[in-house]
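What follows is a short report on a single structure.
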Amino acid sequence: MTDAEMTEPVHHMLAARDLLRAEHFLDSGYACAELIVGVKKNFGVALVTPALMNSSPQARAAAGFDRTPAGPGAPSRRSSTGAAG
């Protein structure tokens, strides 16, 4: 089993012994949204871990589309000429 796969069983063992803490600090190998949300929901523990960097070829080349977040505050990818352009 990977470390990430062991996170939930470890939290079950800690809960059984009343040893859970509010935060659990982890390395970047654990940065999975499903795990972070699941541990918070099931155990009330915030997993504190750095987000994994986007290492796709598009991100490394700074060209094309990648997984960079979109939304408020994100850099715009619109053409400077606009939609009619």
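Residues in the sequence shown are numbered consecutively from 827, following my numbering. Backbone N, C-alpha and C define an ideal beta-carbon position, used for all residues, glycine too.
Query - Other residues of its chain near residue 867: CB distance less than 6 Å, five sequence neighbours each side excluded - result: Correct list: empty, nothing qualifies.
Requested in this report: For residue 833, count neighbouring C-beta atoms within 10 Å of its own C-beta (all shown protein chains included) and say buried if the count is 16 or more, exposed if not.
Outcome: Its Cβ being crowded by 16 or more others within 10 Å, residue 833 is buried.
**Report entry** Backbone CA spacing between residue 828 and residue 855 [nearest angstrom]
**Finding:** Roughly 10 Å between the two C-alpha positions.
Query raised in the report: Are residue 861 and residue 887 close, meaning C-beta to C-beta below 8 Å?
Result: Taking a C-beta distance under 8 Å as the contact criterion, residue 861 and residue 887 do not qualify as a contact pair.
Report task. Given a cut-off of 8 Å, decide if residue 869 and residue 845 are closer than it, judged by their beta-carbon atoms. Result -> In this structure, residue 869 does not lie closer than 8 Å to residue 845 by Cβ.
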